[in-house]
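Student: Following this message is one structure expressed as structure tokens.
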Amino acid sequence: MKKPTQKDESDQPNRLPLDLGEKAVEVLIAVPLPQTFTYHWPFEHAPRFGQRVVVPWGRQKRIGLVHGTCAAVVTSAGVDAYSLKPVEQVLDDGSLLDGAWRQLIEFAARYYHHPLGLIALEALPKALRVLNARGEEPVMVTKAQAHADKRLQARQTPARGARTSADHDPTQADPAPPPVLTLEQQAAVQACSVAAGFTPLLLYGVTGSGKTEVYLHAVEERLTRGEQVLVLLPEINLTPAAQALYETRLAPYRVVVLHSNLPELQRTKHWFEAATGAADVLIATRLGVLTPMPRLGLVIVDEEHDPSYKQQDGMRYQARDLALMLGKQRGVPVVLGSATPSLETWQKAEGGQYKRLTLTQRAVTGASLPRVELINTANFPAKEGLSEPAMQALVSTFEAGKQSIVFLNRRGYSPQLVCGGCGWVSNCEHCTAHMVWHKSERNLRCHHCGAAQRVPVQCPCCGNQDLTGFGRGTQRIEETLAGLLPKATVLRIDADSTRNKGQMEALLDEAHSGRADVLVGTQMIAKGHDFANVNLVLALNVDASLFSHAYRAPERLFAQLMQVAGRAGRRGGEATMLVQTRYPQHPLFEALKAHDYERFASHEMQARREARMPPFSYQATIRADHRTLGNCLAFLKTARELGDPLIQPDEPVYLCDPVPLTVVRVGGIERAQMLIESESRPALHRFLSAWLPLLYEHAGSVRWFLEVDPVEL
0 MKKPTQKDES DQPNRLPLDL GEKAVEVLIA VPLPQTFTYH WPFEHAPRFG QRVVVPWGRQ
60 KRIGLVHGTC AAVVTSAGVD AYSLKPVEQV LDDGSLLDGA WRQLIEFAAR YYHHPLGLIA
120 LEALPKALRV LNARGEEPVM VTKAQAHADK RLQARQTPAR GARTSADHDP TQADPAPPPV
180 LTLEQQAAVQ ACSVAAGFTP LLLYGVTGSG KTEVYLHAVE ERLTRGEQVL VLLPEINLTP
240 AAQALYETRL APYRVVVLHS NLPELQRTKH WFEAATGAAD VLIATRLGVL TPMPRLGLVI
300 VDEEHDPSYK QQDGMRYQAR DLALMLGKQR GVPVVLGSAT PSLETWQKAE GGQYKRLTLT
360 QRAVTGASLP RVELINTANF PAKEGLSEPA MQALVSTFEA GKQSIVFLNR RGYSPQLVCG
420 GCGWVSNCEH CTAHMVWHKS ERNLRCHHCG AAQRVPVQCP CCGNQDLTGF GRGTQRIEET
480 LAGLLPKATV LRIDADSTRN KGQMEALLDE AHSGRADVLV GTQMIAKGHD FANVNLVLAL
540 NVDASLFSHA YRAPERLFAQ LMQVAGRAGR RGGEATMLVQ TRYPQHPLFE ALKAHDYERF
600 ASHEMQARRE ARMPPFSYQA TIRADHRTLG NCLAFLKTAR ELGDPLIQPD EPVYLCDPVP
660 LTVVRVGGIE RAQMLIESES RPALHRFLSA WLPLLYEHAG SVRWFLEVDP VEL
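Sequential numbering from 0 applies to the sequence shown in numbering that gives the first Met the number 0.
Written out as structure tokens, the structure is:
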């Protein structure tokens, strides 16, 4: 951002009105309080929304954002503006955080009932919102801004020239020609191209139908108009392949990525490029939706159903929903893509609120969806996690020179270590959960709080040395496969094997090159990857989700199985998916065998309608955290008592009984929650707006969090 000058500020279109005789401004600070903070404005030039300023905060200094002027507030309180603490430094002119960005973050604050200061500051790269140890702005901000300015100047020259980048490997000299579009793809591209203003589009296509090709053609068409495009992906591990593809296909247009694993300097550079308009395409995970883009012309949300789009701490926002609001506020089309749309999205497409674009066939000639077969484990018991038909299929696939995927959404070696003598179980001391046995690392680790310890050589209770693993995770299945296929190369892809930088890319390179014979992994391998040689998919341990207390569990399971099935047979030939289950007659599996999402959605919608669950009702939860569960429940009981008188007879809102969470203790902190429901979204939000201020007054030492539209109950 530019440094402020008198000349720059005199004619700013977003300049705030200010009575220079009172000179006070409201500043947003990243603190969990629903308010702004008043400071004296000691400068001659007028303030502007979005300017980053350094202000005193107790004994420290903090970066805040100018939100507005507050002369009237100061006057009514009888406070002399000059007695306020002064803004100490203005860091920029605020020109990048424009009115459109302000509109979006203010909507997010209202909808998610979250402090605006936290939303606004945490949407920025860390370097833009945190001072260094000397209380100064980090040097990398100046470097990043200079980098973006240079990029912007280069793109504004008449001759664009070939793309160059110091951040990424150069593109291919002679990239392969793009595939010929099918008639369905052509129709979808045309619909995206002619969409004007805010138009929600659901690109509903079977796995392998070429949704990415539709995105690329739609993006390129927008770029030729001089517009920017935002592409959201659900997970970080999908961004390298997407970036490489978009850079190759869209050269010389500038493509940048944003996600939390980027080095801070690179993230700051890319943010500036997007915010100044120097970048043409921004590929990002969920936080990218809050990045300012002055020339925005199209938003794409790939795998829109994915639960990773829901933030699970801080402001618990749904990036897909904010992307739709962004499109509405900016007047641009929003494309939601999925083979298994969320039921909320499907309902709106069925009702005509979203335009549905359908891809019914795989894009590669001769490629068909895999045949789905169920292995009844009542008839074929699993040995070391694998049934006899599954083992035979894995051997046959390897001998045929094809690849297999073994899908198990549970990492580690065994979910718990047990003693056969006294029944001791490896429980976490800090959580109401088991510590998972990670055999290759020779430790026990809690997947909730991260606590780890060495595997004991004998039972801590009785001294018995016969300790065994109960249940199976990806590490144990990897070991089993090594014994079954001693000549095969088995790769494990999960959060443990990809923890370090570059590991995910290296493993995927092994998989795509064909050097790996069997891929074992969690949901990380279930979506977005275009494996050319996979002929068999085996799904293990799927039954737990069929009867889960979480009402969204069947929807997630069906999506996962459909997605992982879609990794097979993408280049033609017969492919198979095997699912081990004790319940082969379950309606979910009947729909899976037919690759019939619409059948599943119809069945699940009816169940949701009868139970008055979303999308036929609206929910929020209040979670309370404290070292004692009693205090959590007492606070929630008080919250309910405060809320009951606020409920209007003509706008029913229901407050359920407070209950402990399923995993009640994490990291030594007890947790409980209360569910709030209504069949009217406006009624729910009016209630929350009146109720939440009372909770700030009664929380005491209890920490509490609100989640609107929760996905985990």
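Beta carbons are placed, not taken as given, at the ideal position from N, Cα and C, and that holds for glycine.
Can you tell which of SER413, GLU640, THR170 has the C-alpha that lies nearest to the C-alpha of LEU693?
Tutor: Minimum Cα distance to LEU693 is reached at GLU640.
Student: Between the C-alpha atoms of LEU712 and LYS149, what's the straight-line distance to the nearest angstrom?
Tutor: Spanning the two alpha carbons is a distance of roughly 48 Å.
Student: Start and end of the beta strand (DSSP E) containing HIS625?
Tutor: Note, HIS625: beta strand (DSSP E), 617-625.
Student: Please state the DSSP three-state secondary structure of PRO55.
Tutor: PRO55: strand per DSSP, three-state reduction.
Student: Taking only the alpha-carbon atoms, compute the straight-line gap between LYS210 and ALA240 and give it to the nearest angstrom.
Tutor: Going by the C-alpha atoms only, they are around 15 Å apart.
Student: Do the region 415-426 and the region 463-470 make contact, defined as three or more Cβ pairs closer than 8 Å?
Tutor: Touching, yes.
Student: Nearest to ARG626 by CA position, among MET523, ARG58, ARG570, HIS429, is which residue?
Tutor: Closest by alpha carbon: HIS429.
Student: Quick one: residues in its chain with C-beta nearer than 6 Å to the C-beta of SER403, no 5 flanking neighbours on either side, listed in chain order?
Tutor: These residues qualify, in order along the chain: LEU393, THR396, VAL517, LEU535.
Student: If you check the beta carbons only, do LEU27 and GLY116 fall under 9 Å apart?
Tutor: Their beta carbons are under 9 Å apart, which means LEU27 touches GLY116 by this criterion.
Student: Taking contact to mean 3 or more Cβ pairs, one atom from each stretch, closer than 8 Å, check whether the region 254-265 and the region 282-302 are in contact.
Tutor: Yes, the region 254-265 touches the region 282-302.
Student: Report buried or exposed for LYS500, applying the criterion of at least 16 other Cβ atoms within 10 angstroms of its Cβ.
Tutor: It is exposed - the Cβ of LYS500 has fewer than 16 other Cβ atoms within 10 Å.
Student: Taking all protein chains shown into account, decide if THR359 is buried (16 or more other Cβ within 10 angstroms of its Cβ) or exposed.
Tutor: Classification for THR359: exposed.
Student: Would you mind reading off the limits of the beta strand (DSSP E) that contains ALA322?
Tutor: Where ALA322 is concerned, there is no enclosing beta strand (DSSP E), although the alpha helix (DSSP H) it sits in stretches over 318-329.
Student: Taking Cβ positions, are ARG329 and LEU295 nearer each other than 9 Å?
Tutor: Against a cut-off of 9 Å, the Cβ pair of LEU295 and ARG329 comes out as a contact.
Student: Would you kindly work out how many angstroms separate the C-alpha atoms of VAL489 and GLN352, rounded to a whole number?
Tutor: Rounded to the nearest angstrom, the two C-alpha atoms are 46 Å apart.
Student: MET561 and LEU537: beta carbons closer than 9 Å?
Tutor: Not in contact: MET561 and LEU537 (Cβ atoms no closer than 9 Å).
Student: On the criterion of 16 or more Cβ atoms from any shown chain inside 10 Å, does GLU573 qualify as buried, or is it exposed?
Tutor: Exposed: under 16 other Cβ atoms inside 10 Å.
Student: In chain order, what residues of the same chain lie with their CB nearer than 6 Å to the CB of ASN719, ignoring the 5 residues before and after it?
Tutor: This structure does not reach residue 719, given that the chain is present from 0 up to 712, and the question cannot be answered.
Student: If ASP127 and VAL140 are in contact, beta carbons under 8 Å, what's the gap, nearest whole angstrom?
Tutor: It is Leu, not Asp, that sits at residue 127 in the sequence shown. That pair is a contact at about 6 Å.
Student: Have a look at ASN260 and GLY419 and give me their C-alpha separation to the nearest angstrom.
Tutor: Each residue's Cα considered, the two are about 42 Å apart.
Student: Taking just the CA atoms, how far does GLY422 sit from TRP703?
Tutor: Answer to the nearest angstrom: the Cα atoms are 37 Å apart.
Student: Compare the Cα-Cα distances from ARG154 to each of GLN311, TRP40, THR339, GLY276 and report the closest residue.
Tutor: Minimum Cα distance to ARG154 is reached at GLY276.
Student: State whether the region 365-373 contacts the region 562-582, with contact taken as three or more CB pairs (one from each stretch) at a distance under 8 Å.
Tutor: Counting Cβ pairs under 8 Å, three or more are found: they touch.
Student: Whole angstroms is fine: what's the gap from THR74's alpha carbon to PRO33's?
Tutor: Residue confidence for THR74 is low, a pLDDT of 43 falling below 50, so the modelled location carries little weight; the figure read from the coordinates is stated next. In a straight line, the C-alpha of THR74 is about 22 Å away from that of PRO33.
Student: For a quick check, are the C-beta atoms of GLY666 and VAL652 less than 9 Å apart?
Tutor: Contact: no.
Student: Between ALA558, THR290, GLU272, which lies nearest to HIS146 when the distance is taken from Cα to Cα?
Tutor: The residue with the shortest Cα to Cα distance from HIS146 is GLU272.
Student: From this set, PRO306, LEU249, LEU180, LEU222, which residue's C-alpha is nearest PRO233's C-alpha?
Tutor: Nearest of PRO306, LEU249, LEU180, LEU222 to PRO233, Cα basis: PRO306.
Student: For GLU303, count neighbouring C-beta atoms within 10 Å of its own C-beta (all shown protein chains included) and say buried if the count is 16 or more, exposed if not.
Tutor: Buried, because 16 or more other Cβ atoms sit within 10 Å of the Cβ of GLU303.
Student: Pick helix, strand or coil for CYS191, following the three-state DSSP scheme.
Tutor: Helix, per DSSP.
Student: So, are the CB atoms of LEU321 and LEU289 less than 9 Å apart?
Tutor: Taking 9 Å as the Cβ cut-off, LEU321 and LEU289 qualify as a contacting pair.
Student: Can you tell me whether DSSP reads LYS60 as helix, strand or coil?
Tutor: Strand.
Student: How is ALA277 classed by DSSP in three states: helix, strand or coil?
Tutor: Of the three classes helix, strand and coil, the one that applies to ALA277 here is coil, per DSSP.
Student: How is the beta strand (DSSP E) around ASP301 delimited, first residue to last?
Tutor: 295-301 is the extent of the beta strand (DSSP E) around ASP301.
Student: Between the Cα of GLN189 and the Cα atoms of ALA243, LEU202, PRO178, which residue gives the shortest distance?
Tutor: If we check each option's Cα against that of GLN189, LEU202 comes out closest.
Student: Are the C-beta atoms of MET314 and some chain C residue less than 9 Å apart?
Tutor: Among the chains in the structure shown there is no chain C, since it carries only a single protein chain.
Student: From this set, LYS268, PRO291, PRO262, which residue's C-alpha is nearest ALA274's C-alpha?
Tutor: Among LYS268, PRO291, PRO262, the Cα nearest to that of ALA274 belongs to PRO291.
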